[in-house]
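Structure first, commentary second.
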Amino acid sequence: MKILSISAEVAPFAKTGGLADVCGALPKYLQKLGHDVRVVMPAYQKVEHEYHTTNKYGLSALPGQLWVPTGVGVSPAGGFRGTLPGSDVPIYFIAEWNLFGRPEIYGYSDDAYRFAFFCKAAVELLAALDWRPDVIHAHDWHAAPLITWLATAGTQDDRFRNIPTVFTIHNLAHQGRTHWKIFDYMGVQTYGLAEENYDEVNFMARGIHHATMINTVSPTYAREIMTPEYGAHLDKLLHSRAFDVHGILNGIDTDVWNPATDTYIAHKFDTNSLEAKIFNKRELQARAGLPQRDDVPLLALVSRLDFQKGLDLMGHPLHMLLNGFGGGEAQFIVLGTGADEYEQMFTRLAHYHKDKMRAYLTYDAMLSQLIYAGADMFLMPSRFEPCGLGQMIAMRYGTVPIVRMTGGLADTVYDGSTGFTFFDYTIDAFWNAMYRALQTYYHNRPHWQTIQKNAMNQDLSWETSAKRYAEIFAWAIARARGW
Ligand code: ADP
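So that you can map any letter, position 119 of the sequence shown is 670 in this note's numbering, and since no number is skipped, the others follow by simple counting.
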């Protein structure tokens, strides 16, 4: 199959979250299955800067210009070409300095226009490359304008008629709601959706409405988003397409996240040398200025400090934990940035429990690797979690996850076997799961080690997921061709 993957984020070129990891990894695994995959994303300031300075990714400028038709005339755009690092999957960058030459990926008042332009430029790029994909895989609302265009104005364009689309939802909370005028800009005439207010366009809703197939990043999240509780007002729309909604679990890059080869950690280990993990714990304790105690469980949180992550369940149980109510002593390390209220909560707790807790309120990829390797338990009490990478990485490093049973957490962590889980979004339920984990750690070390090994042995690779994606692509193609 010829597959185009279109996304606002692709690791390592631009990343704010799991979306980038998926879009940087999945195409490589699809290529290994024998497919012709190409990737397109915007050339943000950082990408252009790297091209003009170190050019460490070996990009080259595309010859000529793309002429992108918009409601305010035809606009020029440039492009770069490279490959996904560690592979020969082609990646194209749409360059338009006014729109993308900015320090951040999102957060501007004209975001809807930026990504609408990006999608229309991608169409012109395909024409310039003379490459017609068999299927287009669009990620999140930023790529949904392409789906909308293909399903409306694009049906009149011989070059692009009848290309099936698969829309993958990485986070339903961000929907790309904007003014109806965007359709004048895109040259689209269409009808409003029940999910859209008067004069409003909702690109997430449009993607769901127009795509040939819909997918999200875990089976449980796929079911959850069809309920009012998790549906972010799009549950009815999703439900109306229930037969086409799939949930494919993300994988993790098992070469990068591998305690046996990780170059960031001083003491490498695997399931046969699990005892070496303790050296990483001692290093982490030393770095965090905590007493180097082998027998004291070290709990950790590595996360965006966001409403989604269930942090308002944490303050009270952590205070109890560090005061010894879990049945013994304990230590805690947090690494994360985000909302003020959570940063303040952790600052205060760390101040109070100086010799037991350390708060790193920053983003630090290297430190995160040390924490995954050195901690005993990993907390993830998310309110909702489309897939979640943190718990998967933790498991790979034999760090036992304590998670809420939602979204991808419910699909990857098994209570008493690879981690500890709870269901109700309450402090009691969270404390209970943590307490059970602590009791096992304090009093039943053989069982604890079995859990660690089960977790490390779980298949979290992309190979399995890529095959499922290929299946859905094939179904979408069959649907479009009327097979
Ligand atoms: P989300 O995409 O919602 O942020 P995921 O669990 O899917 O959540 O992915 C988060 C990723 O970002 C994980 O790999 C985690 O280790 C990493 N991460 C989050 N916060 C930090 C931080 N402050 N420093 C380093 N890595 C972080």
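The beta carbon of each residue, even a glycine, is placed where N, CA and C say it ideally should be.
- In this structure, the C-beta of Asp-821 stays at least 7 Å away from each heavy atom of the ligand ADP.
- With a beta-carbon spacing of about 16 Å, Ser-933 and Leu-886 fall beyond the 8 Å limit used to define contacts.
- Around the CB of Glu-655, fewer than 16 other CB atoms lie within 10 Å, so the residue is classed as exposed.
- Here the distance from the Cβ of Arg-855 to the nearest heavy atom of the ligand ADP is below 7 Å.
- In terms of Cα proximity to Pro-563, the closest of Leu-584, Asp-587, Lys-597 and Leu-555 is Lys-597.
- Residue range 908–911 is occupied by the beta strand (DSSP E) that includes Met-908.
- Taking the C-beta atoms as reference points, Gly-575 is found nearer than 8 Å to Leu-635.
- In this model, Ala-980 and Thr-972 are separated by some 9 Å (Cα to Cα).
- The beta carbons of Met-946 and Pro-937 sit no closer together than 8 Å.
- In the DSSP assignment, Met-755 falls within the unbroken alpha helix (DSSP H) covering 754–761.
- Nearest neighbour of Gln-859 by Cα position, chosen from His-725, Tyr-986 and Ala-837, turns out to be His-725.
- Assigned with DSSP and collapsed to three states, Thr-972 falls in strand.
- In this structure, Glu-747 sits away from Leu-788, with a CB-CB distance that is not shorter than 8 Å.
- Burial is judged here by how many other beta carbons sit within 10 angstroms of a residue's own beta carbon; Asn-713 has fewer than 16 and is exposed.
- For the 8 Å CB-CB criterion, Ala-1027 and Val-674 do not form a contact.
- When secondary structure is reduced to three states using DSSP, Ser-1012 falls in the coil class, being assigned neither helix nor strand.
- A contact is defined here as three or more CB-CB pairs under 8 Å, and the region 830–845 fails this definition with respect to the region 962–972.
- When Pro-620, Leu-617 and Gly-630 are compared, the shortest CA-CA separation from Ser-611 is found for Gly-630.
- Of the candidates Met-943, Pro-848, Asp-975 and Lys-607, Asp-975 places its Cα closest to the Cα of Met-956.
- In the DSSP assignment, the residues bridged to Gly-629 are Ala-646.
- When the five nearest sequence neighbours on each side are left out, the beta carbons in the same chain lying within less than 7 Å of the beta carbon of Met-943 are those of Ile-803, Thr-963 and Leu-1011, in order along the chain.
- Taking all protein chains in view, the Cβ of Lys-607 is surrounded by fewer than 16 other Cβ atoms within 10 Å, so the residue is classified as exposed.
- About 6 Å separates the Cβ atoms of Ile-554 and Phe-1024, confirming a contact at the 8 Å cut-off.
- The Cβ-Cβ distance between Pro-842 and Met-985 does not fall below 8 Å.
- In summary, Lys-579 is buried, with 16 or more beta-carbon neighbours lying within 10 Å of its beta-carbon over all protein chains present.
- Within the model, the alpha-carbon separation for Asn-753 versus Thr-991 is close to 48 Å.
- Non-local C-beta neighbours of Gly-705 in its own chain, meaning closer than 6 Å and more than five positions away in sequence, comprise Phe-711, ordered along the chain.
- When distances are taken from the beta-carbon of Asp-915 to the heavy atoms of the ligand ADP, the shortest one is below 7 Å.
- Within its own chain, the residues whose Cβ lies closer than 8 Å to the Cβ of Ile-978, once the five positions on either side in sequence are excluded, are Leu-864, His-867 and Pro-868, listed in chain order.
- The C-alpha of Leu-912 lies about 15 Å from the C-alpha of Lys-905.
- If you draw a straight line from the Cα of Pro-770 to the Cα of Ala-961, it comes to about 9 Å.
- Counting along the chain, the unbroken beta strand (DSSP E) around Asp-587 starts and ends at 587–593.
- In the same chain as Ile-733, and ignoring 5 residues on each side of it, the C-beta atoms closer than 6 Å to its own belong to Ala-663, Ala-667 and Val-752, in chain order.
- In this structure, Ile-799 and Ser-1016 form a Cβ contact; the two beta carbons are roughly 5 Å apart against a cut-off of 8 Å.
- In the DSSP assignment, Lys-553 falls within the beta strand (DSSP E) that extends over 553–557.
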